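What follows is a short report on a single structure.
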């Protein structure tokens, strides 16, 4: 049955948030025999994870081991140290090692204690020449799961802008949204079958399985419960929370501590303006991601770090819960399209997996150098992407159309001569059979009217700054000491990888692992294993 309020006066561990990190923390602690209360701010379970594609980067994982793929935590650490943002390796070596050592055990626990089954996804690490890189085996994704396994909770999983009816490995081969019409028709029997069975894939499947595991282990989950404060004991230890549940302030003690896993702060306009100056297009996460966790951690004395880091995605407007919200769409990689900066010039290889780093590039004063940026395409793109552009009509004016490239430049406020020169140079390079100077491989001329443009600024999947943590996921003060009883995991914490992607799945993989680390560490305190 669902709960509207906690059934006990106190718990061993309280978890703030029900995304991948929070559910992993609850699962790990409850599997170790601890009583766990998970408080979810909204009426739905899953947070940003429930929207996600479900790609999970987990080095040295049991799925790869069963497939005979050799990998070790040491290889993974070598790879991360070689590819993290410049200057971060020394400061983050300890946390990166903790992630590498715990990723495999975290996934093994999830396999053993939930109905989730995982499969390998084809694809190599993004920097194949770096030490420790692997061509295959580190990225996994969940199989489909029916919502019915959750019983009374089956309708409490957060939906996405579009229902997640496919697995990540299916979508990575061919995206049904952008596939030709005859292939979309072929998908209809599969779509209808999965709708009837209530099956979900990607991030939705991950949340369904994690929640089922938590419930089976005795975790209590209360929705519409906003944590408003942390309770401090006389000795300085975090000993519980104050929460608003049903309009009533409730004090809930905890014996082993509190895990903050409340997501990012991308819906906090003040913090976004402060740490991400310049325009942005969309936010792809629940509107409840307002930075509650980092505020509570700061009140408890936490040191905040990496507040200018985030997971960005290309996006288009979609409609969710009656409002316009971002929908992930990798339109910039389409053959008849390119991206330009505010000067009308290309600024990156559109196929770069770290496109977010280019969009967010800043000058010495911290101001964006490329924004506002634009996506440019021609009539052939419009014909191929009819369904997506039809969905995008929920935000009138998002697409600008023109009969010529100079006219398009004038309409979007970009230098007419420079944009025309950029498109002409792009087309001449293709016509001459020359390699793209920025390294792009999938391209076609942009030459058929009408021409279109759409904003191509930051779109936030999640911010990645917050409380600094140690190798046990304990929140640290500015002097480096741990705040006893306070943990943080997922994108709520200061992320040791930051904006940079070293592989697809490097948000969900660390989220699950740091949740596991936090839950296990808190449970160990209850057994007297650590002081």
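Residue numbers (the working numbering): 79 to 609.
Ideal Cβ positions, reconstructed from N, Cα and C, are used throughout, including at glycine.
It should be emphasised that the depicted structure is a prediction, and the values quoted were computed from it without experimental measurement.
Same chain only: Cβ atoms within 6 Å of residue i, ignoring 5 sequence neighbours per side
i           : result
residue 531 : 452, 454, 478, 486, 490
residue 374 : 308
residue 277 : 222, 224
residue 370 : 340
residue 367 : 341, 342, 344, 345
Rounded C-alpha distance that separates residue i from residue j
i           : j           : result
residue 128 : residue 121 : 13 Å
residue 389 : residue 458 : 30 Å
residue 383 : residue 404 : 26 Å
residue 560 : residue 104 : 21 Å
residue 113 : residue 558 : 29 Å
residue 359 : residue 538 : 8 Å
residue 498 : residue 423 : 9 Å
residue 239 : residue 85  : 33 Å
residue 427 : residue 294 : 47 Å
residue 111 : residue 92  : 14 Å
residue 488 : residue 533 : 14 Å
residue 180 : residue 435 : 28 Å
residue 320 : residue 87  : 12 Å
residue 79  : residue 124 : With a pLDDT of 47 at residue 79, under the threshold of 50, the modelled position of that residue is not reliable, and no figure is offered here.
residue 220 : residue 130 : 12 Å
residue 178 : residue 189 : 18 Å
residue 437 : residue 516 : 15 Å
residue 200 : residue 150 : 19 Å
Identity of the residue in the options nearest residue i by Cα
i           : options            : result
residue 599 : 588, 586, 552      : 552
residue 193 : 290, 166, 324, 135 : 290
residue 571 : 286, 503, 385, 429 : 385
residue 198 : 147, 522, 172      : 147
residue 243 : 178, 232, 266      : 266
residue 196 : 399, 141, 320      : 141
residue 521 : 152, 456, 488, 395 : 456
residue 372 : 87, 156, 413, 555  : 555
residue 448 : 357, 407, 413, 164 : 357
residue 563 : 212, 475, 597, 591 : 597
residue 395 : 150, 580, 164, 469 : 469
residue 212 : 248, 98, 155       : 155
residue 433 : 327, 442, 411      : 411
residue 377 : 573, 591, 233, 545 : 545
residue 338 : 115, 274, 149, 347 : 115
residue 472 : 413, 401, 329, 437 : 401
residue 351 : 379, 170, 444, 100 : 444
Where residue i sits in the DSSP three-state scheme
i           : result
residue 135 : strand
residue 507 : helix
residue 147 : coil
residue 79  : Unreliable positioning characterises residue 79 in this predicted model, as indicated by a pLDDT of 47, which lies under 50. The coordinate reading is nonetheless provided below. It is coil, neither helix nor strand.
residue 592 : helix
residue 385 : coil
residue 609 : Low per-residue confidence applies at residue 609: pLDDT is 44, beneath 50, and the placement is therefore not dependable, though the value from the model is reported in the following sentence. Coil at residue 609, not helix or strand.
residue 332 : strand
residue 199 : coil
residue 277 : strand
residue 401 : strand
residue 267 : helix
residue 413 : coil
residue 425 : coil
residue 418 : strand
residue 483 : helix
residue 537 : strand
residue 566 : strand
residue 183 : helix
residue 190 : helix
Contact check, residue i vs residue j, beta carbons under 8 Å
i           : j           : result
residue 336 : residue 300 : no
residue 132 : residue 279 : yes
residue 126 : residue 363 : yes
residue 463 : residue 409 : yes
residue 523 : residue 503 : no
residue 593 : residue 568 : yes
residue 139 : residue 185 : yes
residue 585 : residue 526 : no
residue 217 : residue 588 : no
residue 270 : residue 98  : no
residue 203 : residue 580 : yes
Other residues of its chain near residue i: CB distance less than 7 Å, five sequence neighbours each side excluded
i           : result
residue 467 : 460, 477
residue 286 : 223, 225, 227, 228, 235, 278
residue 440 : 446, 447
residue 208 : 157, 160, 161
residue 519 : 429
residue 496 : 421, 422, 423
residue 413 : 520, 521, 522
Cut-off 8 Å between Cβ atoms - residues of its own chain near residue i, not counting five sequence neighbours on either side
i           : result
residue 501 : 416, 454, 483, 524
residue 576 : 162, 163, 166, 384, 387, 542
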